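Novice:
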Amino acid sequence: MSVIGIDFGNDSCFVATVKNGGVETLDNDYSLRATPSFVAFAGRKRIIGAAAKNQYGSNKENTVIGFKRLLGRKFDDPHVQHELTMIPTKIEERSDNGINICVHYLGQTHFFTPEQVTAMLLTKLKETSSQALQAQVSDCVIACPFYFTNAERQALLDAAKIAGLNVLRLLNETTAIALSYGFYKQALPSDNPRNVIFVDCGDSSLQVCACAFTKGKLKMLASSWDQVGGRDFNVVIADYFAKEFKQRYKIEIEHNSRQWLRLLSEVDKMKRQMSTNNTSLPLDIECFIGDIDVSSSMHRYQMEILCDSLLRRVEDTLNRLLIESKLPLKEIHSVEIVGGSTRIPAIKELIEKVFGLTVCTTLNQDEAVSRGGALQCAMMSPALRVRKFEITDIQNYAVEVSWSGEGSCIGSSVEIFPAFHEAPTSRLLTLSRKESFNLTVRYSQSIPYPDPTIGQWTIKEIKAKNHGEYNDIKVKVKINQHGLIVISRATLADKNDTERKSTSLQHTAIERPKLGMIEDSEKSPIPSRAKTFTDRQTNKVMDDDNDKRSSKYVNLPMEFQIHGICQKELKDLRLFEERMSANDASETKRIDAKNALEEYVYEMRSKLLGGHLDQHIFPIERDSICIELNDVENWLYEDGVDTDYDTYMDKLYLLKQRINPINARANDYERCPLAFDELERAISFARAVIADFKKGVDKYAHFTEAESINISEKIDKSQKWFDRNKARFVEAARTSDCPVNSSQIRYEADMLTNYVNSAINRSKFDRNTPKITSATITTGPSEIGQRQLQQHNKHY
Numbered sequence: 025m026s027v028i029g030i031d032f033g034n035d036s037c038f039v040a041t042v043k044n045g046g047v048e049t050l051d052n053d054y055s056l057r058a059t060p061s062f063v064a065f066a067g068r069k070r071i072i073g074a075a076a077k078n079q080y081g082s083n084k085e086n087t088v089i090g091f092k093r094l095l096g097r098k099f100d101d102p103h104v105q106h107e108l109t110m111i112p113t114k115i116e117e118r119s120d121n122g123i124n125i126c127v128h129y130l131g132q133t134h135f136f137t138p139e140q141v142t143a144m145l146l147t148k149l150k151e152t153s154s155q156a157l158q159a160q161v162s163d164c165v166i167a168c169p170f171y172f173t174n175a176e177r178q179a180l181l182d183a184a185k186i187a188g189l190n191v192l193r194l195l196n197e198t199t200a201i202a203l204s205y206g207f208y209k210q211a212l213p214s215d216n217p218r219n220v221i222f223v224d225c226g227d228s229s230l231q232v233c234a235c236a237f238t239k240g241k242l243k244m245l246a247s248s249w250d251q252v253g254g255r256d257f258n259v260v261i262a263d264y265f266a267k268e269f270k271q272r273y274k275i276e277i278e279h280n281s282r283q284w285l286r287l288l289s290e291v292d293k294m295k296r297q298m299s300t301n302n303t304s305l306p307l308d309i310e311c312f313i314g315d316i317d318v319s320s321s322m323h324r325y326q327m328e329i330l331c332d333s334l335l336r337r338v339e340d341t342l343n344r345l346l347i348e349s350k351l352p353l354k355e356i357h358s359v360e361i362v363g364g365s366t367r368i369p370a371i372k373e374l375i376e377k378v379f380g381l382t383v384c385t386t387l388n389q390d391e392a393v394s395r396g397g398a399l400q401c402a403m404m405s406p407a408l409r410v411r412k413f414e415i416t417d418i419q420n421y422a423v424e425v426s427w428s429g430e431g432s433c434i435g436s437s438v439e440i441f442p443a444f445h446e447a448p449t450s451r452l453l454t455l456s457r458k459e460s461f462n463l464t465v466r467y468s469q470s471i472p473y474p475d476p477t478i479g480q481w482t483i484k485e486i487k488a489k490n491h492g493e494y495n496d497i498k499v500k501v502k503i504n505q506h507g508l509i510v511i512s513r514a515t516l517a518d519k520n521d522t523e524r525k526s527t528s529l530q531h532t533a534i535e536r537p538k539l540g541m542i543e544d545s546e547k548s549p550i551p552s553r554a555k556t557f558t559d560r561q562t563n564k565v566m567d568d569d570n571d572k573r574s575s576k577y578v579n580l581p582m583e584f585q586i587h588g589i590c591q592k593e594l595k596d597l598r599l600f601e602e603r604m605s606a607n608d609a610s611e612t613k614r615i616d617a618k619n620a621l622e623e624y625v626y627e628m629r630s631k632l633l634g635g636h637l638d639q640h641i642f643p644i645e646r647d648s649i650c651i652e653l654n655d656v657e658n659w660l661y662e663d664g665v666d667t668d669y670d671t672y673m674d675k676l677y678l679l680k681q682r683i684n685p686i687n688a689r690a691n692d693y694e695r696c697p698l699a700f701d702e703l704e705r706a707i708s709f710a711r712a713v714i715a716d717f718k719k720g721v722d723k724y725a726h727f728t729e730a731e732s733i734n735i736s737e738k739i740d741k742s743q744k745w746f747d748r749n750k751a752r753f754v755e756a757a758r759t760s761d762c763p764v765n766s767s768q769i770r771y772e773a774d775m776l777t778n779y780v781n782s783a784i785n786r787s788k789f790d791r792n793t794p795k796i797t798s799a800t801i802t803t804g805p806s807e808i809g810q811r812q813l814q815q816h817n818k819h820y
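Going by the numbering used here, the first residue of the sequence shown is number 25, and it counts up by one from there.
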């Protein structure tokens, strides 16, 4: 079983695996490590990855990009409306306020959700991984931004299910980077933690986190982020050049999407060059609009002035991390940078300015996330043994639970998980109820999502006790391995009367599940910072283990409304994705057959008309075949454009059936001269051996007269065969079949050479090795000795 870690980026993806005792980044079908996050629709098939990016300029309306930023969101979300300005594909609103991506596919307009498009990309990554590993791939860990909310995480999980992937864990990208850094560090301290800052600035976001490392352990401390990245720098620079071109060349490109994309591409190349050049760099674009060539230049310091607002946002994010982590500068061991945009010198200078340390590039800036994901997947897979390395992640946002129902205070709530709380983890909330009630889980702080509600749960089948007393309902609120906040169960605590009367104190505790390591155990509870209440009709956060000793628990049914796709729809989307994948494979096979037929037509026509087949065919037959080839070519561009695979193969078979004999004839006439030369050399070699024997050369002194006569007879026989067939070959018309083929000639040459060599070697052996007799066999059973004697003497 193979395990992979996927870095699902806004611009490109990386896939890594644990293999041969190390972590290896896999190549895609273009022998590249990075697979662009592009999904295109062209005619009857989908094009994904590098091929989709290559045809982006000519098919931008049917090429989907930037869909990572649309996952789990609604159409009227301000964030979505901002993203739509950067996506050339047509986007429409669904009836449920969702997002529909409109493309032309299979001859009609199709609508796909961002989850479906993401599933298409994940399917491609799954297929290329299987090809690279020569094994089936299903288990994986997918890295996502740590600022993703429940809705976005659930959408990514749904996309993975549609793609047929078994996600063992959604791992925060910052945690994956930290794991990639710390797993191989052998000199980590055992007591005083080593505090390391990780800065990840990619195409569309900036993530900064603080981590504490001890031997065999990683603990995330705090994190900060902003949605600013390399593409924002590109847009600012492109806007500058667009205004300059409008003034100098009187051209407008604001509403010309094709030229805007071309300008962005050139600006991105210039920005990369600025990372290593502190000189003025030229920007030259030929035939930018019509026949107009444009040119300009920019210095690095000009770019930094233009992007000053973006750089201030970067600095604010770095400073915010220092405040949230509460780490003094002197306690920070080092600062590691990853992500393509950290190569911008101005960003490096800001990082060094804020943290007072020179940045380190220990990690691979592009592949660190995928490598950390692969390590986590190996740790969680039962098929692999990995040394123990404990990970303590964090929940980025504060979460509260509110409840309703008879006997509770209206609007009662509790902050169940504060910001930067350890994760995965779970907590028990005890409520006293005598009828069904509702629970609402929401984020209690500002989040990058318009709706702070995580979900609503209805706890059912609760009845009052005999005397109308309240029941103790224990609700387990959990942050699972994917970073999702869910209510995993609700139970009825059925206590006896004496135990109920004696239980008046309230306790707080945290139940911590395993992290999924190969060798791990549950951690001891740690104190909770959640509020506690003395009113019996509000809530209690209880110690699960202590309460179990004196209670019987009955699981209560729950109804809930959360983000994500329902199971039935997921199943249907999974089947639809499988049908599209099968159609892609069939279409690829069909196109390959069409290309093979077209290539064969062009190749044979060139060989028949002035090529090496021309002299081996009668003109009438050649003209007839060329007419047939022309007919097939015309058919390919007319009625045969969209024909099925079998039709292409049938036509190719018929053409080969007619032309292959001519090909074989030409090959024989081409190969025979070389084969005759080989036979002639073999005859000359044999004659030289006999001549040396007759001269008394010591090398052949062991030859007998009988052997000499036999070799001479063989030479005469081969010479006659050579003379007869060489004459037939020379006299034969090149338009008729060759009277002898090259394999026959080489057979004669090999037979003569082998006969002479065997005679030479046999005579040497006879001279130097005495014959074995029964008297020389002194070991082993007698029947074995006799068999050896018979075999040896039979050989000679």
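For each residue, glycine too, the CB sits at the ideal point set by N, CA and C.
Just so you know, these numbers come straight off a predicted model, no measurement behind them.
Ignoring anything shorter than 3 residues or poking outside the region 462-512, list the beta strand (DSSP E) runs there in chain order.
Specialist: Entirely contained in the region 462-512, the beta strand (DSSP E) runs reaching 3 residues are, in chain order, 477-483 and 495-503.
Novice: Could you check if G253 is buried or exposed, using at least 16 other CB atoms within 10 Å of its CB as the buried criterion?
Specialist: Counting Cβ neighbours within 10 Å, G253 comes out buried, since at least 16 surround it.
Novice: Does D35 pass the burial test, meaning 16 or more other C-beta atoms within 10 Å, or should it be called exposed?
Specialist: Per the 10 Å Cβ criterion, buried.
Novice: What are the boundary residues of the alpha helix (DSSP H) that includes I739?
Specialist: Where I739 is concerned, the enclosing alpha helix (DSSP H) stretches over E729 to E755.
Novice: If we call anything under 8 Å between Cβ atoms a contact, is F99 one with E85?
Specialist: It is not a contact, given that the beta carbons lie outside the stated cut-off.
Novice: Decide yes or no for the touch test of the region 152-161 against the region 468-480: beta carbon pairs closer than 8 Å, at least 3 of them.
Specialist: Contact fails: fewer than three Cβ-Cβ distances are below 8 Å.
Novice: Give the DSSP-derived three-state secondary structure of F222 in the structure shown.
Specialist: Note: F222 maps to strand in three-state DSSP.
Novice: Since K498 and T454 should fall inside the 8 Å C-beta cutoff, what is the C-beta to C-beta distance between them, to a whole number of angstroms?
Specialist: Their Cβ separation, rounded to whole angstroms, is 5 Å, which keeps K498 and T454 in contact under 8 Å.
Novice: If you draw a straight line from the C-alpha of R466 to the C-alpha of A175, how long is it?
Specialist: In a straight line, the C-alpha of R466 is about 11 Å away from that of A175.
Novice: Might you give, ordered along the chain, the residues of its own chain that have their beta carbon closer than 6 Å to the beta carbon of F65, omitting 5 neighbours on each side?
Specialist: These residues qualify, in order along the chain: N86, V127 and Y129.
Novice: Got a sec, what are the start and stop residues for the beta strand (DSSP E) P306 sits in?
Specialist: That run of the beta strand (DSSP E) goes L305 to I313.
Novice: Can you tell me which of D250, E602, F717 and V393 puts its alpha carbon nearest to the alpha carbon of V780?
Specialist: Minimum Cα distance to V780 is reached at F717.
Novice: What ranges does the alpha helix (DSSP H) occupy inside the region 101-182, keeping only unbroken runs of at least 4 residues that lie completely in it?
Specialist: Whole alpha helix (DSSP H) segments, 4+ residues: 102-108 and 138-157.
Novice: F413: buried (16+ other C-beta within 10 angstroms of its C-beta) or exposed?
Specialist: It counts as buried.
Novice: If you draw a straight line from the alpha carbon of G363 to that of L307, how long is it in whole angstroms?
Specialist: The alpha-carbon atoms of G363 and L307 are separated by roughly 25 Å.
Novice: How would you label C331, buried or exposed, when you count the other beta carbons within 10 angstroms and need 16 or more for buried?
Specialist: Result: buried.
Novice: CB T416 to CB E391, shorter than 8 Å?
Specialist: In this structure, E391 does not lie closer than 8 Å to T416 by Cβ.
Novice: Could you tell me the boundaries of the alpha helix (DSSP H) in which S349 lies?
Specialist: D332 to S349 is the extent of the alpha helix (DSSP H) around S349.
Novice: Tell me whether the region 194-214 and the region 60-78 touch, counting them as touching only if at least three CB pairs, one residue from each stretch, are closer than 8 Å.
Specialist: Short answer: they don't touch.
Novice: According to DSSP, simplified to helix, strand and coil, what is Q530?
Specialist: Model confidence at Q530 stands at a pLDDT of 34, short of 50, so the residue's coordinates are unreliable and nothing is read from them.
Novice: For the pair the region 417-424 and the region 233-249, tell me if three or more CB-CB distances fall below 8 Å.
Specialist: Short answer: they touch.
Novice: For I641, name the three-state secondary structure that DSSP assigns.
Specialist: I641: coil per DSSP, three-state reduction.
Novice: Evaluate C311 with the Cβ neighbour count: other Cβ atoms within 10 Å of its Cβ, from every protein chain shown; 16 or more gives buried, anything less gives exposed.
Specialist: With fewer than 16 Cβ atoms within 10 Å of its Cβ, C311 is classed as exposed.
Novice: Excluding five sequence neighbours on each side, which residues of the same chain lie with their C-beta closer than 7 Å to the C-beta of Q585?
Specialist: Hits under 7 Å: G479 and Q480.
Novice: Going by Cα to Cα distance, which pick from L408, A183 and T300 is closest to L94?
Specialist: Taking only the C-alpha atoms, the option nearest L94 is A183.
Novice: Which residues bound the beta strand (DSSP E) around T671?
Specialist: Where T671 is concerned, there is no enclosing beta strand (DSSP E), although the alpha helix (DSSP H) it sits in stretches over Y669 to K718.
Novice: Give the DSSP-derived three-state secondary structure of Y421 in the structure shown.
Specialist: The answer is coil: DSSP assigns Y421 none of H, G, I, E or B.
Novice: Is the beta carbon of K750 less than 8 Å from the beta carbon of F709?
Specialist: Cβ distance not < 8 Å, so K750 and F709 don't count as in contact.
Novice: Where does Q585 fall in DSSP's three states?
Specialist: Strand at Q585.
Novice: Considering only residues of the same chain and omitting the five flanking positions on each side of C384, which have a CB-CB separation below 6 Å?
Specialist: The answer, listed in chain order, is S358 and E360.
Novice: Compute the beta-carbon to beta-carbon distance between T728 and F642, rounded to the nearest angstrom, for a pair I have assumed lies under 8 Å.
Specialist: Not a contact, Cβ separation roughly 56 Å.
Novice: Which whole-angstrom value describes the C-beta separation of S512 and K484, a residue pair presumed to lie in contact below a C-beta threshold of 8 Å?
Specialist: Going by Cβ atoms, the distance from S512 to K484 rounds to 16 Å, so no, they are not a contact pair.
Novice: Whole angstroms are fine: how far does the CA of A74 sit from the CA of D53?
Specialist: The straight-line gap from Cα to Cα measures roughly 9 Å.
Novice: Which whole-angstrom value describes the C-beta separation of A706 and A620, a residue pair presumed to lie in contact below a C-beta threshold of 8 Å?
Specialist: Between A620 and A706 the Cβ distance is about 41 Å, and since that is not below 8 Å, they are no contact.
Novice: Excluding the 5 residues preceding and the 5 following D521 in the sequence, name in chain order all residues of the same chain whose CB lies nearer than 6 Å to its CB.
Specialist: In this prediction, D521 scores a pLDDT of 42, lower than 50, which makes its location untrustworthy; the coordinate-derived value is nonetheless stated afterwards. Nothing meets the Cβ criterion.
Novice: Where does the unbroken alpha helix (DSSP H) through G206 begin, and where does it stop?
Specialist: That run of the alpha helix (DSSP H) goes E197 to G206.
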